[in-house]
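A short write-up of the structure that comes next.
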Amino acid sequence: MADSFAALRRPVCLAPKSVKLYDCSSDQLCPVMYAMKWLIIFFTILSLVISKRTCAAEVNSDEPSFVSAIANFPQLEQTQGIHGITETLEFRAKQEPFLLVATIIFALAIIHTFLAIPINRLAHKAEKEHAEQMLKHQSNEYKSADLKNTVSFKATALHFLGEVEAIFGIWAVVLLAAMFYFYGLTGVTSYIDGVNFTEPLFVVIIMAFASTRPIIQFAEACLGFFARLGKQTPAAWWLSIMIVAPLLGSFITEPGAMTIAAMLLAKKFYKLKPSPRFAYATLGLLFVNISVGGVLTNFAAPPVLMVAQKWGITSVEMFRHFGDKALISILVSSTIYFFCFRKELVAMGKQAGDHNGDGLGDMIQPERSIPIFITVIHLAFMAWTVAFSHYPPLFIGGFLFFIAFSQATAHHQSHINLRGPILVGFFLAGLVIHGGLQGWWLAPIISSLTEIPLFIGSTVLTSFNDNAAITFLASQVSGLSPQLKYAVLAGAVTGGGLTVIANAPNPAGQAILGRFFGDGVSPVKLMLAALLPTIVVALCILFFPDRGIDDMFAPEKDSKIYSSTAR
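Numbering (the numbering used here), first residue to last: 10 to 576.
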């Protein structure tokens with residue numbers, strides 16, 4: 010009878026069965042999960058309101074003085090005869106000291122990402138000490154089950170501080186506090202009202218779609234076509250995922266391609282516990298290939314999307330002038346890494362076993378089929394999201410309808426785990442908040458460089474800033490020649506795999522594969538793993554002849570677009 014009353018008192022998790030926020034097996038955590046469900050609904054509705062206010066703000070808004078100052082700096086400097094990088098930055102820092110503070114906070118956030126692994130180790134140590142302490146002080150008033158459910162606040166706080174996806178959000182709070190100190194609440198609200206959170210919201214939704222069972226199974230079937238050419242051995246599957254999946258990013262967007270590729274790598278390779286060298290090399294190569302693979306169109310790669318309208322770049326032009334370089338660099342880099350790790354791939358074949366009796370280890374994994382109409386509807390929802398990626402009310406509304414459809418077909422679905430997508434969205438939202446205040450020092454550097462230095466500088470700066478921010482700032486610099494526009498865009502694409510913050514899809518890949526790296530993904534090891542493919546991309550872009558760049562970035566195209574926009 011006591012057990013029955015205990016069951017009645019137990020909190021119930023009301024989250025839909027196919028929408029899994031966290032593991033609700035712990036009775037103690039279910040109220041938190043219930044609250045999380047309503048928080049997500051609240052913020053979804055809030056995002057719709059914010060997007061409407063943002064659109065209105067674009068027409069008529071009072072910008073904070075520090076934002077207006079960034080736009081007015083060039084005119085002031087020209088009037089006062091200020092030239093040179095050092096003199097320019099000193100002048101701007103004196104005019105708006107808060108911008109220097111914002112950049113220092115951003116630098117601290119970047120340093121924090123390199124400390125994530127040591128912080129996680131401290132969290133594990135604190136968990137162990139807490140468990141030992143609880144066992145030591147165990148008394149009759151505690152049951153063993155109660156001890157298992159106790160939580161160490163110190164360990165939980167350290168885990169949060171060591172969560173890479175949370176770091177920029179944490180430092181965004183510090184940034185907003187500094188903003189409040191300098192400009193009060195009005196400055197904070199007016200700045201946040203002008204920040205565009207469309208990309209973070211889109212990434213959350215597209216990750217959720219791309220991780221569903223019908224989409225993963227469809228993508229696996231498509232990639233399996235190429236893997237069958239190599240008898241579905243681990244080597245054939247690895248090459249298919251590393252080459253074909255990134256190129257799909259030009260059509261399903263880079264975040265969608267990253268999610269699919271990372272989930273297939275987790276399913277087929279990382280679960281076999283490969284060596285750390287193979288794990289980092291694969292992750293680094295994936296980041297670089299995804300960054301490059303999305304440039305066959307003008308809407309899939311974030312750095313291209315940022316300047317496509319301003320510079321008048323079409324998908325045909327992207328395919329003609331970047332497509333061949335992207336394809337060759339992906340093939341060359343993947344082939345080099347394949348030969349470096351071919352022995353380990355052969356060993357994985359033996360570990361996976363022979364499922365078709367041909368004497369070769371393969372990755373044939375029979376799965377329960379899904380009705381075609383369900384897969385088609387999933388693809389239609391994804392297409393809707395991509396088509397209306399600039400309109401949060403439309404793609405968020407489509408996602409809500411999708412959740413209803415997934416409930417009606419739950420027996421063919423897997424859990425829609427929103428934890429990873431929400432963390433990635435939180436990461437990108439924090440990055441957008443910080444990135445909007447870095448133009449005061451980035452723009453002078455970009456505008457002062459010639460073609461080759463600008464390409465190298467854009468590649469390096471991308472490592473410490475979102476590559477979309479680099480191209481956006483370049484688009485605000487007037488008078489850039491076609492060669493300089495090409496250099497900054499090519500550099501942003503080239504450096505998109507060096508760090509987790511370099512390209513918007515990278516946090517999605519890390520969120521999916523990070524659990525296979527012990528205490529977390531080391532930023533230094535990731536950069537080293539991505540360095541060789543990055544060099545290959547750079548060589549392809551710099552030394553492959555292209556005589557159509559002047560036409561692609563012709564100045565008259567900008568003026569035509571400006572005129573049509575003005576009308």
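Even for Gly, the Cβ is constructed at its ideal location relative to N, Cα and C.
As the structure is a computational prediction, the values presented were derived from the model and not from experiment.
- Here residue 81 carries a helix assignment [DSSP, helix/strand/coil].
- Under the three-state reduction of DSSP, residue 474 is assigned to coil, being neither helix nor strand.
- Proximity to residue 105 across 258, 502, 192 peaks at 192, based on C-alpha coordinates.
- Distance from residue 296 to residue 512 at the Cβ level is roughly 7 angstroms; contact confirmed, criterion being Cβ atoms closer than 8 angstroms.
- The three-state secondary structure of residue 490, taken from DSSP, is coil.
- In this structure, DSSP gives residue 436 a helical state, which the three-state scheme calls helix.
- Looking at the backbone, the Cα of residue 362 and that of residue 292 are separated by about 24 angstroms.
- Sixteen is the threshold: since fewer than 16 other Cβ atoms of the shown chains lie within 10 Å of the Cβ of residue 360, the residue is exposed.
- Between residue 404 and residue 398 the beta-carbon gap is near 6 angstroms, inside 8 angstroms, which marks them as a contact.
- The region 446–463 makes contact with the region 492–508: 3 or more CB pairs, one atom from each, lie closer than 8 angstroms.
- CA-CA distance, residue 561 to residue 491, rounds to 8 angstroms.
- In this chain, the alpha helix (DSSP H) harbouring residue 223 covers 222–236.
- Here residue 235 is actually not in contact with residue 309; their C-beta atoms are around 20 angstroms apart, not less than 8 angstroms.
- In the same chain as residue 118, and ignoring 5 residues on each side of it, the C-beta atoms closer than 7 angstroms to its own belong to 176, 177, 180, 443, in chain order.
- Sequence-distant Cβ neighbours of residue 528 in its own chain, meaning closer than 6 angstroms and more than five residues away, are 126, 129, 130.
- By the neighbour-count definition (other C-beta atoms within 10 Å, threshold 16), residue 94 is an exposed residue.
- Secondary structure of residue 322 (DSSP, three-state): coil.
- If you look at residue 207, you'll find it in the alpha helix (DSSP H) that goes 207–219.
- DSSP places residue 542 within a helical segment (H, G or I) once states are collapsed to three.
- Within the model, the alpha-carbon separation for residue 256 versus residue 229 is close to 15 angstroms.
- Distance from the CA of residue 416 to the CA of residue 136, rounded to the nearest whole angstrom, comes to 37 angstroms.
- Taking the C-beta atoms as reference points, residue 214 is found no nearer than 8 angstroms to residue 384.
- Of the residues assessed, residue 325 falls on the exposed side of the cut-off, its CB having fewer than 16 other CB atoms within 10 angstroms.
- A Cβ-Cβ distance of about 7 angstroms is found for the pair residue 288 and residue 279, placing them in contact under the 8 angstroms criterion.
- By the neighbour-count definition (other C-beta atoms within 10 Å, threshold 16), residue 380 is an exposed residue.
- Using a Cβ distance threshold of 8 angstroms, residue 269 and residue 219 count as a contacting pair.
- Selection 332, 233, 90, 163 evaluated against residue 374 yields 233 as nearest (Cα-Cα).
- If the five residues before and after residue 440 are omitted, its C-beta is found closer than 7 angstroms to the C-beta atoms of 177, 475, 510, all from its own chain and listed in chain order.
- Per DSSP, the continuous alpha helix (DSSP H) segment holding residue 406 begins and ends at 401–417.
- Linking residue 197 to residue 110 through their CA atoms gives a straight-line distance of about 15 angstroms.
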